[in-house]
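Numbered according to my numbering, the sequence shown spans residues 68 to 371.
Notes follow once the structure below has been shown.
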Amino acid sequence: MKEEILKLKKEKNAIILAHYYTRSEVQEIADFVGDSLALSQKAAETDADIILFAGVHFMAETAKILNPTKKVLIPDMEAKCSLADSCPDEDFEAFVKKHPGHTILSYINCSAKVKALSDIIVTSGNALRIVKSLPQDEKIVFAPDRNLGGYINRETGRQMVLWDGACHVHNDISEQDVEKLHELHPDALIIAHPECPENVLKHADFVGSTAAMLKYVSNSSQKEFVVITENGILYELRKKNPEKTFYALSESGEMCICANCHYMKFNTLENILSALQNEQPELLMDETLMDAARKPIEKMLSFK
Ligand code: 13P
Ligand code: SF4
């Protein structure tokens, strides 16, 4: 299957973009594996004819918005995101209306319509930097992740108004899980994704996006790490750092939490091959919606 995918990819001038949370065999055949920020940058600049997005729906939408003449394939249209789904379009529109005079900042994990209602999009890789660059007295609404928004508020001393949404994977990680894992491995540094709740993040030695965690580990002289995020990242962590040891919620056996985003795991070699063979399912989007959603994403990409 891998050989067939690589052959078809070449024949059809397709690029496979994959998120760090996908299955290891999917990451293996991808042309590029990254966090949400890097994936959107890659999607914007590719000259391939087909973008096959092994990630979740909002990520493929972002790719299509940034490079609308390309054919964007999603191996499984049901690969959604609980965080994006925690912010329904109509409810968010009403929320925005209730907050006149506020800059609307949305995390990239949201629908195209929510993006279109926003002034600036951020990812976990650039959110802190972008918020810090805005005037201290600027009134801000932050959606949809209350955990990431709360983290930014604590780090910057702001009081952004938060939409009450969360990711089911990160939000379900408890303080007790982290404490237990750390008790088992007291010498390990704790690295965590900012989508985790405050009582989890307070135990972390480092908080950052998936790409930032990878960079932190590579630059660190420490040898052991407790990894508090979705388990797919372990593939790249171990590949890049074979001499280091990683302890994950999913592997401990002591915890009843697997930190598994089943939506990301919807991407398999079987449906990637089928998508390339049939050039289906293709993501089609309304032009007007794409134009409106592109502005806040481009604003984000313009922040250096
Ligand atoms: P990253 O910004 O680290 O890619 O996070 C995306 C995501 O979906 C985390 O759950
Ligand atoms: Fe969405 Fe959470 Fe899955 Fe990331 S891990 S794609 S935020 S459901």
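Every residue, glycine too, gets a C-beta built ideally from N, C-alpha and C.
**Item:** 8 Å contact criterion, which D210 and G232 should meet: CB distance rounded
**Value:** Here residue 210 corresponds to residue number 143 of the sequence shown, with the count starting at 1. Here residue 232 corresponds to residue number 165 of the sequence shown, with the count starting at 1. Here residue 210 turns out to be Ala, not Asp, going by the sequence shown. Yes, they are in contact, since the Cβ atoms of A210 and G232 sit about 7 Å apart, within 8 Å.
**Asked** Counting only runs that start and end within the stretch 79 to 103, where is the alpha helix (DSSP H) found for 4 or more residues in a row?
**Response** 91 to 96
**Near the ligand 13P: C234 beta-carbon under 6 Å from a heavy atom** = Position 167 of the sequence shown holds residue 234. Yes, the ligand 13P has a heavy atom inside 6 Å of this Cβ.
**Item:** Candidates K164, I197 and L75: closest to V372 by CA position
**Value:** Here the chain has residues from 68 to 371 only, and residue 372 is not among them.
**Request:** Give the secondary structure of I324 by DSSP, where H, G and I count as helix, E and B as strand, and everything else as coil.
**Result:** By 1-based counting over the sequence shown, the position of residue 324 is 257. Residue state, collapsed to three classes: coil.
**Helix, strand or coil at K247 [DSSP, three-state]** = On the sequence shown, position 180 is the one that residue 247 refers to. K247 falls in the helix class under three-state DSSP.
**Message:** So for Y174, helix, strand or coil by DSSP?
**Reply:** Looking up residue 174 in the sequence shown gives position 107. Strand.
**Asked** For the candidate residues S178, S173, L195 and S369, whose alpha-carbon lies nearest to that of I188?
**Response** On the sequence shown, residue 188 is found 121 positions in, with the first residue counted as 1. The option with the nearest alpha carbon to I188 is S173.
**Item:** DSSP-derived helix/strand/coil call for T296
**Value:** As a first step, residue 296 is located in the sequence shown; it is residue number 229 there, counting from the start. In this structure, T296 counts as coil in the three-state DSSP scheme.
**Request:** Give the single residue among E145, E112 and R196 whose Cα lies nearest to the Cα of F370.
**Result:** In the sequence shown, counting from the first residue as 1, residue 370 sits at position 303. Among E145, E112 and R196, the Cα nearest to that of F370 belongs to R196.
**Request:** Name, in chain order, the residues that DSSP records as bridge partners for L140.
**Result:** For the purposes of this step, residue 140 is taken as residue 73 along the sequence shown, with counting starting at 1. DSSP output for L140 lists L119 and E349 as bridge partner(s).
**Message:** Strictly by DSSP, which residues pair up with I187?
**Reply:** Here residue 187 refers to the residue found at position 120 when the sequence shown is read from its first residue. Beta-bridge pairing links I187 to L172.
**Item:** Exposed unless 16 or more other CB atoms sit within 10 angstroms - verdict on Q203
**Value:** Reading the sequence shown from its first residue, position 136 is the one you call residue 203. Result: exposed.
**Item:** Cβ shell of I380 (< 6 Å), same chain only, five flanking positions each side left out
**Value:** Nothing can be reported for residue 380, as the shown portion of the chain is limited to 68 through 371.
**Message:** When you measure from the CB of S288 to every non-hydrogen atom of the ligand 13P, does any distance come out below 6 Å?
**Reply:** Here the question's residue 288 lines up with position 221 in the sequence shown. Outside the cutoff, so no.
**Request:** Let me know the secondary structure DSSP gives G275 once reduced to three states.
**Result:** Here residue 275 refers to the residue found at position 208 of the sequence shown. G275: coil per DSSP, three-state reduction.
**Message:** Between T190 and the ligand 13P, is there a pair consisting of the residue's CB and a ligand heavy atom that are separated by less than 6 Å?
**Reply:** Within the sequence shown, residue 190 is the residue found at index 123, counting from 1. Checking every heavy atom of the ligand 13P against the Cβ of T190, one is found closer than 6 Å.
**Cβ contact check for the stretch 295 to 312 and the stretch 250 to 266: 3 or more pairs under 8 Å** = yes
**Item:** Cβ pair count under 8 Å reaching 3, the stretch 208 to 222 against the stretch 278 to 291
**Value:** no
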